[in-house]
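Undergrad:
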Amino acid sequence: MDFIVEAAVKAIKHLYDTDVAPGDVNLQETRKEFEGQVTVVTFPFTRFSKKSPEQTGVEIGTFIQNELKEVSGFNVIKGFLNISLADDYWITQLYHTILPADFASFKPNGAKVMVEYSSPNTNKPLHLGHIRNNLLGFSVAEILAAAGYEVIKTNLVNDRGIHICKSMLAWQRFGNGETPESSGLKGDHLVGKYYVLFDKEYKKQIEELKAAGQTEDDAKKNALLIKEAQQMLQQWEAGDEEVLSLWKTMNRWVYTGFAETYKELGVTFDKFYYESDTYLLGKDIIEEGLAKGVFFRKDDNSVWIDLTEEGLDEKLVLRSDGTSVYMTQDMGTAQLKYNDFHMDRSIYVVGNEQDYHFKVLFTILKKLGKQGSEGLFHLSYGMVDLPSGKMKSREGTVVDADDLMAEMQQTAKVQTDATGKVDGFSEEEKLHLYHIIGMGALKYFLLKVDPKKRLLFDPNESVDFQGHTGPFIQYTHARIRSVLNRAGLLDIAGAAAYDQLAPEERDLIVALTQFPEAIKLAADTYSPAIIANYVYELAKTFNKFYHEKSILQAEDEASKQFRLQLSAASGKVINKGMKLLGIEVPERM
RNA sequence: GGUCCCAUAGCUCAGCUGGAUAGAGCAACAGAUUUCUAAUCUGUAGGUCAUAGGUUCGAAUCCUAUUGGGAUCACCA
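Numbers in our numbering are just positions in the first sequence, counted from 1, shifted up by 3.
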């Protein structure tokens, strides 16, 4: 649409002898109730024209129509110049822009971006909150890749620390040698079971101590189990053979379980980092920061940064005993990642509860003048809450990721079987379809919402399969495929005679042309929701067209071939758009 | 207490850098299938865009304050 903007600029120069920047021309899609496809807002130009908005619109419109052969007409309503482009223009768009294989594929832009997401703890299985994280991270990575970036997907696994020791200790104490094999439990679930058990026993001990007269705080510190867990962590850090062996065994169980969950979710990673490797990093950066005067040392030997000027607090970066804190580690890890990949941008997909942490981390790295620090971004997303409140693994009040995915596929099965459309499918095809649809419903449900908004999930209200949902879009795709399969070989040349567009056809082409802009906007704002909503609008537009116009029974051969081309283009864009969300589309459903 | 985020129809959400009469889906009601997949389509009903000011030709959108909800401010990660 740049050519319209250019023509408008030229019109204003010619008519009112004023130079305006292309950015000053406000171009928008014409609202459905008016004639035309693009609209120029004329209010800003009245100060140059010294005329009414209507008259200004007519003058600019007249100029543009004379200037551009693509413009077939215009109307002005209350200062809005609605421009109609000729059918020929839209048909050309379909053939020469949309249908070619390279439509909406951006040239490599030479920039490298890292997307870090998932970042699980190895003491418990993944839950719904992690699903949101994983889907967001994966989708953002896909979108950035589509927008021309070179993308590296990383997963920083939190595989050490006191919480891991809690699971280990509880297993050691109460597990009786239970293994995934002996219990039939998925490894991550088995370990999670002992994490919950630890908390239960720990609470019991706290109550006992309180009954014996201790305050709550004292009881929490003095309970035998927590002391043992702390001791275990020290042994781990000291490299105790037995503890390390247990740690390795239990983590292996967890990784086997995670791998299954990731596979089911359809997410992948290019590089794993482990905190057990990185938790000691960052100390050299402390020295560097002290030398540069960015950090300062207090009398007790602890190291701090003063960020009060930035509206933040003083922040500890190294303990008085010389050991690292979370911030130290993250500084070190950031450096490590940069050394490994030299990326221009680095996206951290982490919940909004860590907004403060990342603000501080990025500020520190910038103050240190670290390479790549200008490209740091925290993709902060809202928590997934239940009607009962926040999910807490410790207390078992979570929607488990594996359970939820299984449930979604079960619901998909019920809904699909009820239609009777899959009777001819093999058992394998059916299972595959249930998977595609169930996961499509879940993924779309989570991705259509703006990432930064918190999400309420009611387990008692099932995720919809109708309306503004993944299955709606998948269905539209299956519908298109069905028609195309019936049509057999397409004949573009046969469509050449078609030169008069019906409104539904024009609307559909207009919608299709907007795909690249949607990708660009989604990439710039790191928001899969943009793509989700775009694809939904497109599917709706197609369904309307499908309903109004017969394809295979079209009036004549040219109409039929044209509509087949239009359908094929729609199917491709839906497929590609859904792929950016990590959602598959079926051939039949 | 300081800081950050959020608030749009009964419910779940769109609304791009300020632009026309604020849009979808679900739920409710009424319709459409001798015709390419009805997981679809059409229509009806549903709004003080949290509140109050301000900036502007023009504000759901920008600014300020207030209210409500959430998060965070550890020598935890």
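No residue lacks a Cβ here, since even glycine has one placed at the ideal position from N, Cα and C. A quick note: this is a predicted structure, and the numbers were derived from the prediction, not measured.
(1) Can you tell me whether DSSP reads T271 as helix, strand or coil?
(2) What do you get for D22, buried or exposed, if any count of 16 or more other CB atoms within 10 angstroms of its CB means buried?
(3) Between which residues of its own chain and E587 is the CB-CB distance below 6 Å, once the five residues before and five after are set aside?
(4) Leaving aside the five residues before and after K395 along the sequence, list all residues of the same chain whose C-beta is less than 8 Å from its C-beta, in chain order.
(5) So which of Y447, F460, K456, I554 has the shortest CA-CA distance to N488?
(6) Bridge partners of V402, per DSSP?
(7) Quick one: grab the DSSP three-state call for S349.
(8) Among A409, E540, G285, A89, which has the Cα closest to the Cα of E1?
(9) Where does T281 land, buried or exposed, given buried means 16+ other C-beta within 10 angstroms?
(10) Measuring alpha carbon to alpha carbon, tell me which residue in L84, R509, L450, A532 is nearest D91.
(11) Three-state secondary structure (DSSP) at S52?
(12) In the structure shown, what three-state DSSP assignment does T42 receive?
(13) Can you list, in chain order, the stretches of the alpha helix (DSSP H) that have 4 or more residues and sit fully within the stretch 461-501?
(14) As a quick exercise: from E145, G354, V194, pick the residue whose alpha carbon is nearest that of P454.
(15) So, with DSSP's three-state summary, where would you put L458?
(16) Kindly identify the DSSP beta-bridge partner or partners of V576.
(17) Quick one, which of R566, G164, N158 has its alpha-carbon nearest T271's?
(18) If V297 and K370 are in contact, beta carbons under 8 Å, what's the gap, nearest whole angstrom?
(19) Taking the CB atoms as reference points, tell me whether E153 and P111 lie closer together than 8 Å.
(20) DSSP three-state label for R300, please.
(21) Would you call N342 buried or exposed, if buried means 16 or more other Cβ atoms sit within 10 Å of its Cβ?
(22) Count the other CB atoms, across all protein chains shown, that sit within 10 Å of the CB of D333; report buried if there are 16 or more and exposed otherwise.
(23) Classify Q564 as buried or exposed, calling it buried when 16 or more other Cβ atoms lie within 10 Å of its own Cβ.
(24) How many whole angstroms separate the CB atoms of F109 and G585, which I take to be in contact at a CB cut-off of 8 Å?
(25) Determine whether the beta carbon atoms of I146 and I476 lie at a separation below 8 Å.
(26) Bridge partners for G151 per DSSP, in chain order?
(27) Alpha carbon to alpha carbon, what distance is there between T366 and A150?
(28) Could you pull the DSSP bridge partners for Q31 from this structure?
(29) Using the Cα positions of V352 and Y359, report the straight-line distance between them to the nearest angstrom.
(30) Considering just the uninterrupted stretch of the alpha helix (DSSP H) at I7, what are its terminal residues?
(31) For the ligand NAD, I want to know if K373 counts as a neighbour, meaning its beta carbon is within less than 7 Å of at least one of the ligand's heavy atoms.
(32) Could you name the residues that DSSP lists as bridge partners for W2?
(33) In this structure, how does DSSP classify S553 when only helix, strand and coil are distinguished?
(34) Just the C-alpha distance for C168 and L200, rounded to the nearest angstrom, thanks.
(35) Contact check, L212 vs A222 under 8 Å by CB: the rounded distance?
(36) Contact between the stretch 567-575 and the stretch 497-515 is defined here as three or more beta-carbon pairs at a separation below 8 Å; is this criterion met?
TA: The structure says:
(1) Reading the first sequence from its first residue, position 268 is the one you call residue 271. Looking at T271 - three-state DSSP - the assignment turns out to be coil, as it is neither helix nor strand.
(2) Walking along the first sequence from the start, residue 22 turns up at place 19. So D22 counts as exposed.
(3) Within the first sequence, residue 587 is the residue found at index 584, counting from 1. Around E587: I439.
(4) Locating residue 395 in the first sequence gives position 392, where the first residue counts as 1. Closer than 8 Å at the Cβ level, and outside the excluded window around K395, lie V401.
(5) The residue given as residue 488 occupies position 485 in the first sequence. Checked all of Y447, F460, K456, I554; the closest Cα to N488 is I554.
(6) By one-based count along the first sequence, residue 402 stands at place 399. Per DSSP, none; premise fails for V402.
(7) Here the question's residue 349 lines up with position 346 in the first sequence. Strand, per DSSP.
(8) Limits of the chain in this structure are 4 at one end and 592 at the other, which puts residue 1 out of reach.
(9) If you number the first sequence from 1, residue 281 lands on position 278. Buried is the call here.
(10) Position 88 of the first sequence, counted from the first residue, corresponds to residue 91. That would be R509, whose Cα lies nearest to the Cα of D91.
(11) Taking the first sequence and counting its residues from 1, one reaches residue 52 at position 49. Helix at S52.
(12) Along the first sequence, one-based indexing puts residue 42 at 39. Strand at T42.
(13) 473-490
(14) For the purposes of this step, residue 454 is taken as the residue at position 451 of the first sequence. Ranking E145, G354, V194 by Cα distance to P454 puts G354 first.
(15) If you number the first sequence from 1, residue 458 lands on position 455. DSSP places L458 in strand when its eight states are reduced to three.
(16) Within the first sequence, numbered from 1, the residue matching residue 576 stands at position 573. Answer is none; V576 lacks a bridge partner.
(17) Here residue 271 refers to the residue found at position 268 of the first sequence. Selected option, being the one with the closest Cα: N158.
(18) For the purposes of this step, residue 297 is taken as the residue at position 294 of the first sequence. For the purposes of this step, residue 370 is taken as the residue at position 367 of the first sequence. So it is a contact: roughly 5 Å between Cβ atoms.
(19) In the first sequence, the residue the question calls residue 153 occupies position 150. In the first sequence, the residue the question calls residue 111 occupies position 108. In this structure, P111 lies closer than 8 Å to E153 by Cβ.
(20) Taking the first residue of the first sequence as 1, we reach residue 300 at position 297. Strand at R300.
(21) Taking the first sequence and counting its residues from 1, one reaches residue 342 at position 339. It counts as exposed.
(22) Looking up residue 333 in the first sequence gives position 330. It is buried - the Cβ of D333 has at least 16 other Cβ atoms within 10 Å.
(23) As a first step, residue 564 is located in the first sequence; it is residue number 561 there, counting from the start. Q564 should be labelled buried.
(24) Counting from one through the first sequence, the residue named residue 109 turns up at place 106. Counting from one through the first sequence, the residue named residue 585 turns up at place 582. In fact, because the Cβ distance is near 19 Å, the residues do not count as touching under 8 Å.
(25) Numbered from 1 along the first sequence, position 143 holds the residue referred to as residue 146. Numbered from 1 along the first sequence, position 473 holds the residue referred to as residue 476. No; because the gap between Cβ atoms is not below 8 Å, this pair is not in contact.
(26) Stepping through the first sequence from its first residue, residue 151 is reached at position 148. Beta-bridge pairing links G151 to no other residue.
(27) Working through the first sequence from its first residue, we reach residue 150 at position 147. Working through the first sequence from its first residue, we reach residue 366 at position 363. Looking at the two C-alpha atoms, the distance is approximately 28 Å.
(28) Numbered from its first residue, the first sequence carries residue 31 at position 28. Paired residue(s): T42.
(29) Numbered from 1 along the first sequence, position 349 holds the residue referred to as residue 352. Numbered from 1 along the first sequence, position 356 holds the residue referred to as residue 359. Looking at the two C-alpha atoms, the distance is approximately 14 Å.
(30) Walking along the first sequence from the start, residue 7 turns up at place 4. Note, I7: alpha helix (DSSP H), 5-19.
(31) Absent from the structure shown: the ligand NAD. Ligands present: none.
(32) Here the chain has residues from 4 to 592 only, and residue 2 is not among them.
(33) Stepping through the first sequence from its first residue, residue 553 is reached at position 550. Three-state result, S553: coil.
(34) Walking along the first sequence from the start, residue 168 turns up at place 165. Walking along the first sequence from the start, residue 200 turns up at place 197. Whole-angstrom Cα-Cα distance: 13 Å.
(35) One-based indexing of the first sequence puts residue 212 at position 209. One-based indexing of the first sequence puts residue 222 at position 219. Correct: roughly 4 Å between the Cβ atoms.
(36) yes
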